[in-house]
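Let me begin by presenting the structure, written as structure tokens, before commenting on it.
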Amino acid sequence: MLTTFTSLWLGLESLKLWVNFPGVMSFYSDASTESMSDELETLGWYHYDLSRHAAEALLLSNGSDGSYLLRNSNDGPGCFALSVRAKDSVKHFHVTRKDNGYVFGFNEFTTLQDFVSHFANQPLLGSDTGTLIVLKCPYPWRVEEPSIYESVRVHTAIQTGRSENDLVANAPSLATKEGYLLKQGAFVKNWKQRWFTLNRYELKYFKEKMCEEPIRTLDLKACSAVQFDYSQDRVNCFCLVFPERTFYLCTKTGVEADEWIKILRWKLVSLFGLCALCRSGGKWDIFYQ
């Protein structure tokens, strides 16, 4: 009996050493060594409970156009989000797990292998905004970095008498968006197509998508309202009210206009609270996940 137990123990230890051998599990999390109940853990670009904010920060700072990752969504079990880096923004798409398969866009995949093979062929995605994006390369969950730490030579406090209640974590939301919009001129009331990018609390517009320098940068901290506009002889129009000027913008579709208004109002609410929403005549709607 003792010999049998010893053999079993040695076998388990050998398996453990193999599993934890450097390089064997380079694409998996530490949790995956304990349980492989979720097959998504075998994906090197599944980022588990990475938040929307962290996904945008990660892809914008270190990703490239077409980089993407898969993460959990707040919609519940079996719901995921595919975060994709565009030129100056990060787009998010729904992915759902149904039975043993996956649903993404117009396609259903019966196995995880079929799902991954679809991405290997670099799918082209287009949304209501009309912007096309190619899914080029997954962003890995594990990226090697050198284990280098700074030594502490000076360590003192700038303030005194404060407690943990005075320690407030703070970081601005990214909430990025980009796309072509028609903008009405300030003096000559004609409409010109401009490329718009939204990041943090700045709305920039460029002459063309590939231009490096913006024509103008609008600080949303000075914006008092965002709302649909029906005064212009165009459909799908909305306006941004600033002290010195009201900017009139127009989209190709009503869905696209609604998306821009929703994200811009969300930023005003995060800045000024619900009173900003009242000025915009909007409806409180938490839509981020």
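No gaps in the numbering here: position 11 of the sequence shown is 11 in full-length UniProt numbering, and each next residue is one more. Yeah, the Cβ is synthetic: ideal placement off N, Cα and C, and Gly gets one too.
By DSSP's assignment, S67 forms a beta bridge with C137.
Going by C-alpha positions, P214 is about 16 Å away from G185. Three or more beta-carbon pairs separated by less than 8 Å link the segment 177-194 to the segment 86-97, which places the two stretches in contact. Counting other Cβ atoms within 10 Å of its Cβ, N236 reaches 16 or more and is therefore classed as buried. Taking the C-beta atoms as reference points, F228 is found nearer than 7 Å to F238. Counting the other Cβ atoms within 10 Å of the Cβ of Y205 gives 16 or more, which makes it buried. Residue pairing from DSSP places N72 in a beta bridge opposite F80. Ranked by Cα distance from N62, the first of R265, C137 and W266 is C137. Contact between L181 and L268 fails: their C-beta atoms lie close to 18 Å from each other, not under 8 Å. Cβ-Cβ distances below 6 Å link L50 to R71 in the same chain, with the five nearest sequence neighbours on each side left out; the list follows chain order.
For L69, the closest C-alpha among the options R153, L40, I148 and D75 is that of L40. Distance between S127 and H155, taken at the CA atoms: about 52 Å.
Note on geometry: alpha-carbon atoms of R142 and Y48 lie some 12 Å from one another.
L240 is bridged by DSSP to V226 and F247. Straight-line measurement puts the Cα of W260 at about 23 Å from the Cα of S67. A86 is positioned such that its CB atom lies closer than 7 Å to that of I133. At least 7 Å separates the beta-carbon of V103 from that of F80. It is roughly 12 Å from the alpha-carbon of K262 to the alpha-carbon of A225. Taking C-beta atoms as the reference points, R200 and P172 count as a pair closer than 7 Å.
The C-alpha of G78 lies about 30 Å from the C-alpha of L198. For H92, the beta-bridge partners assigned by DSSP are S83.
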